[in-house]
């Protein structure tokens with residue numbers, strides 16, 4: 011790596027021991043990457059010990075949610091090597107998210123160096139069981155202390171990391187959200203920004219009380235078309251073919267979604283990106299034409315959906331996990347974890363670094 | 011006040027000198043109120059020196075924008091006393107905003123004590139010129155360090171303060187935003203949460219490049235009805251009567267809006283809260299039937315609108331500031347600054363405290 015580390019960072023790395031139970035996103039790696047944007051340029055890209063940020067109480071991020079982030083994973087592969095999955099896709103999406111909130115883009119080179127550096131030094135923390143990984147979280151926040159509603163002139167970029175289990179294990183019960191929306195047309199739904207997630211919390215709290223796991227969001231203008239789950243895209247298997255909502259402008263373009271579309275073709279499945287009317291889908295599940303549904307995302311990979319709940323009634327999917335979801339999940343994980351060839355060139359190897 | 015202060019806080023208060031040029035929201039008072047919510051209850055309400063917060067890099071607020079805030083003012087009145095304007099309205103709105111983002115409500119008693127305490131100890135900082143004030147910014151953030159998308163289980167509540175000039179001086183040029191939206195129906199537009207403001211930044215950046223000051227937001231579903239400006243409500247004077255968009259579910263219910271509706275009645279103006287089609291309004295301005303338009307809010311009080319810009323053409327208001335805007339602004343400021351009786355009981359006196 012081109013980034014040298016301080017004795018303090020080396021000591022933190024050597025002294026860290028992960029607990030036995032990892033969960034998802036709750037055990038944080040002992041170091042993080044940090045760079046600062048001020049006076050129109052980036053500086054200070056370095057690894058520092060993980061610890062509290064000093065943020066002014068008037069910082070833009072705290073009041074006006076000027077924040078965007080990414081989620082990505084580094085895998086320990088079966089040959090022992092470490093692989094990052096499509097990091098350039100995350101770099102480009104983060105640039106898009108940053109632009110949407112009037113934040114400076116993170117140069118792709120710096121973004122990639124940052125995630126490679128954190129991955130290299132935290133390689134010894136990456137768990138080896140299938141579905142486990144080092145979850146990486148690049149984060150860009152506006153920190154200028156000023157209460158006027160305008161873009162910050164100071165930004166901080168971090169990459170924090172968390173050795174993690176899969177985000178969702180088992181089947182998911184999803185609830186059709188017919189009242190709240192997570193994002194407006196002309197809003198920020200196609201960017202990975204904090205406000206989308208804040209808007210989703212109320213719906214999730216309500217459905218959890220009903221015994222469900224995730225909200226299924228509908229189109230903001232008419233609430234008829236399926237959009238996505240919070241942080242995950244939606245797929246259904248209809249007559250043996252894959253169907254997923256086409257990008258509407260208020261759906262986040264998932265890296266896993268994109269990868270599955272490409273991968274499915276090579277496995278012999280036709281994929282349809284189209285408007286998906288929720289009531290049509292419920293009818294297709296009722297008639298048995300739709301045999302499977304699943305959510306996909308970086309954190310969750312593929313999570314089969316067992317039940318779709320709606321006010322008044324709910325429908326159950328017949329096969330959970332079904333054969334198509336299982337085949338896609340295995341094919342993707344086989345590439346990510348090095349059990350299969352990588353015909354798409356998705357994996358980028360990272361050499362572990364020792365402190 | 012029931013809140014005792016530490017020697018350090020007293021020293022900060024005694025040592026602080028405000029610069030001559032205040033601006034809005036950029037000079038911060040030397041102390042702030044802080045309370046913490048953990049294990050289901052609030053504790054630690056106290057004044058502390060103003061300074062950086064220690065926030066974990068994985069805190070929910072930084073990633074998922076779990077933040078809401080308020081804006082309110084304390085005025086130095088002409089008799090030298092200090093008055094807070096309708097603080098209970100802000101307390102209740104903040105409780106609403108908190109619930110929308112699954113955050114704990116701040117008990118109204120604690121909220122009011124916090125703003126009164128900050129006001130009392132910062133009383134000596136409140137500028138005396140008309141339109142100037144101590145701008146108070148209550149802020150509630152979720153700080154649990156955990157990357158899963160769910161509500162925080164730890165919260166911090168702050169009241170920071172800024173001796174300030176009026177937010178907008180002079181006339182405003184507003185631009186009709188026909189593409190972006192700040193909030194979805196079923197979203198968070200009627201709560202004062204960070205994500206609404208983040209979503210608005212792109213529009214404001216674009217219109218500033220065209221020589222405009224603020225976006226005029228339209229209804230998210232059809233973009234036909236006027237909603238609000240970012241952080242301000244909209245009024246027009248049509249045939250000598252006041253018209254303002256009715257609360258749509260995606261408009262923030264402004265304290266100044268509410269106050270003006272009440273005050274206008276006593277000044278002999280009829281007020282109509284209704285759907286306001288933007289193209290109808292442009293035609294009424296063109297024909298001279300609409301004689302004035304203005305924005306109102308806690309920060310801005312009343313800002314007359316001089317121009318409404320649209321792709322292709324723009325319309326100018328004939329009287330800027332017009333007689334109705336001027337009369338309303340004076341009547342409201344007269345109450346706030348103690349030049350007139352307060353028949354509504356809006357002002358709450360605060361006794362200055364000395365460190």
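Residue numbers (the numbering used here), protein chains in the order written: chain V, 11 to 365; chain H, 11 to 365. Backbone N, C-alpha and C fix where the C-beta goes; we use that ideal spot for every residue, glycine too. Computed from a predicted model, the values in this text were never measured in an experiment.
Taking the CA atoms as reference points, residue 180(H) sits about 9 Å from residue 330(H). Each of 300(V), 83(V) and 49(V) was checked against the Cα of residue 290(V), and the nearest Cα belongs to 300(V).
Between residue 207(V) and residue 251(V), the gap from beta carbon to beta carbon reaches 8 Å or more. If you ignore the 5 residues before and after residue 29(V), its C-beta comes within less than 7 Å of the C-beta of 37, all in its own chain and listed in chain order. By the neighbour-count criterion, in which a residue is buried when 16 or more other Cβ atoms sit within 10 angstroms of its Cβ, residue 256(V) is exposed.
Residue 122(V) and residue 20(V) have their C-alpha atoms spaced approximately 21 Å apart. For a cut-off of 8 Å, the C-beta gap from residue 145(H) to residue 309(H) is around 7 Å, short enough to register as a contact. Beta-bridge analysis with DSSP links residue 320(H) to 323(H). Neighbourhood of residue 300(H) in chain V, by CB distance below 9 Å: empty, with the nearest CB roughly 26 Å away.
Proximity of residue 189(H) to chain V, defined by a Cβ-Cβ separation below 8 Å, is satisfied.
Taking 8 Å as the cut-off, the beta carbon of residue 194(V) is found no closer than this to the beta carbon of residue 276(H). Legend: CB atoms of the stretch 189-209 of chain V lying less than 9 Å from CB atoms of chain H belong to residues 189, 190, 191, 192, 193, 194, 195, 196, 197, 198, 199, 203, 204, 205, 206, 207, 208 and 209.
Residue environment analysis places residue 78(H) among the buried positions, since at least 16 neighbouring C-beta atoms fall within 10 angstroms of its C-beta.
By the CB criterion at 8 Å, residue 109(V) and residue 118(V) fall outside the cutoff. Taking the Cα positions, residue 248(H) is about 20 Å away from residue 341(H). Residue 227(H) and residue 263(V) have their C-alpha atoms spaced approximately 26 Å apart. The beta carbon of residue 82(H) sits no closer than 8 Å to any beta carbon of chain V. A contact between stretches requires three or more CB pairs, one per stretch, nearer than 8 Å, and the stretch 155-163 of chain V meets this requirement with the stretch 57-70 of chain V. In the three-state scheme derived from DSSP, where H, G and I count as helix and E and B as strand, residue 104(V) is classed as helix.
Secondary structure note for residue 164(H): its beta strand (DSSP E) is the uninterrupted segment 164-174.
Note on geometry: alpha-carbon atoms of residue 266(V) and residue 48(H) lie some 36 Å from one another. Comparing C-alpha distances from residue 39(H) to each of 53(H), 51(H) and 22(H) shows the shortest one belongs to 22(H). Residue 79(H) is bridged by DSSP to 149(H). Shown here for residue 112(V): same chain residues with a beta carbon closer than 6 Å to its own, the five before and five after excluded, namely 161 in chain order.
Chain-order list of chain V residues neighbouring residue 95(H): empty, with the shortest C-beta distance near 17 Å, by a criterion of under 8 Å. Residue 51(V) is classed as exposed because its beta carbon has fewer than 16 other beta carbons within 10 Å across all chains shown.
Put simply, of 364(V), 349(V) and 345(V) the residue whose alpha carbon is nearest the alpha carbon of residue 355(V) is 345(V). Short of 6 Å from the beta carbon of residue 171(V), and not among the five residues preceding or following it, lie these beta carbons of its own chain, in chain order: 39, 128, 132, 144 and 146. At a cut-off of 8 Å between beta-carbon atoms, residue 77(V) makes contact with chain H.
Note: residue 248(H) is bridge-paired with 251(H) and 300(H) in the DSSP secondary-structure output. Closer than 8 Å to the CB of residue 48(V) there is not a single CB belonging to chain H. Taking a Cβ-Cβ cut-off of 7 Å, residue 182(V) has no neighbours in chain H, whose nearest Cβ is about 14 Å from it. The stretch 83-103 of chain H and the stretch 90-109 of chain V do not touch, with fewer than three beta-carbon pairs separated by less than 8 Å. Straight across, the Cα-Cα distance linking residue 230(H) with residue 231(V) is about 7 Å.
Within the same chain, and ignoring the five residues on either side of residue 87(H) in sequence, the residues whose Cβ sits closer than 6 Å to its Cβ are 93, 347 and 348. The beta carbons of residue 59(V) and residue 18(V) sit closer together than 8 Å.
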